[in-house]
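In the numbering used here, the protein residues as written are 1 to 111. The beta-carbon is built from N, C-alpha and C at its ideal position, and this holds for glycine as well. Remarks on the structure that follows.
So, in structure tokens, the structure goes:
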């Protein structure tokens with residue numbers, strides 16, 4: 001394996017780890033920290049009663065980190081005419097994203 005491929009593989013793996021970290025580091029609501037406060041929890045604060053976050057949606061922000069990885073993986077797969085390993089990593093990250101922001105998302109009836 002050439003040095004160029006080794007460096008690309010290392011950078012790709014580090015970026016994939018960064019993406020995974022960002023998937024779980026970005027809060028779904030920027031006021032989510034309030035749920036950790038014992039005084040507010042004692043007042044019956046839940047995720048659904050948090051103030052509405054009018055900022056950028058966490059789903060969009062976290063998926064934006066995945067886009068460059070998926071584009072590079074798709075280009076490499078098309079060039080090789082078979083799936084590149086980075087494409088599989090990208091698909092796993094998309095599954096993690098879906099699990100965090102779709103399957104495990106709290107459903108608030110009023111919002």
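Query raised in the report: Hey, how far is the Cα of residue 86 from the Cα of residue 43?
Result: 47 Å
Query - Segment contact, 8 Å Cβ cut-off, at least three pairs: the stretch 65-74 with the stretch 8-23 - result: yes
Report task. Answer with buried or exposed for residue 146, where buried requires no fewer than 16 other C-beta atoms within 10 angstroms of its C-beta. Result -> The structure shown has nothing for residue 146, since the chain only spans 1 to 111.
Report task. Pull up the CB-CB distance for residue 28 and residue 73, whole angstroms please, since I reckon it's below 8 Å. Result -> Rounded, the Cβ-Cβ distance is 26 Å, inconsistent with contact.
Query raised in the report: Would you call the CB atoms of residue 10 and residue 62 closer than 8 Å?
Result: no
Query raised in the report: Whose C-beta lies closer than 7 Å to the C-beta of residue 113 among residues of the same chain, with five residues either side of it excluded?
Result: As displayed, the chain neither begins before 1 nor continues past 111, which places residue 113 out of reach and without an answer.
Query raised in the report: Can the beta-carbon of residue 76 be found closer than 8 Å to that of residue 84?
Result: yes
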